[in-house]
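Residue numbers (the UniProt record's numbering): 1 to 74.
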C-alpha cells in the first residue's frame, strides 16, 4: 500500500485564502493516486495520502525562520 506524505505551509494559494481548501486537497489526493497508478500501476484504492499543513512560524530554512529567509532571498 503506497503511503504519501505531503508537508506544506499553511498559506493560501489565492488572495484572501489562509490555508489549502477542501477542493484543493481533494484534487491533490486524486492527483497523487492517479500518478502512482499511471507510473507504477499502484491501485488507486490502496493509496493513502497524508497532508500536513504547518504554520509558517513552525518552519525554518538556512538557519532562519522561514519568513525571514524569504525576505532575505527576495
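Virtual Cβ for every residue (Gly too), placed ideally from N, Cα, C.
**Request:** Kindly indicate which residue of 65, 56 and 30 has the alpha-carbon position closest to the one of residue 49.
**Result:** The shortest CA-to-CA distance from residue 49 to any of 65, 56 and 30 is the one to 30.
**Asked** Where does residue 53 fall in DSSP's three states?
**Response** Assignment of residue 53 by DSSP, reduced to helix, strand and coil, places it in the strand class.
**Request:** Report the rounded CA-to-CA distance for residue 72 versus residue 41, giving the unit in angstroms.
**Result:** Their Cα atoms are separated by approximately 43 Å.
**Request:** Look at the alpha carbon of residue 26 and the alpha carbon of residue 74, and state the distance between them as a whole number of angstroms.
**Result:** Approximately 32 Å between the Cα atoms of the pair.
**Message:** Please state the DSSP three-state secondary structure of residue 31.
**Reply:** In the displayed model, residue 31 falls within a helix according to three-state DSSP.
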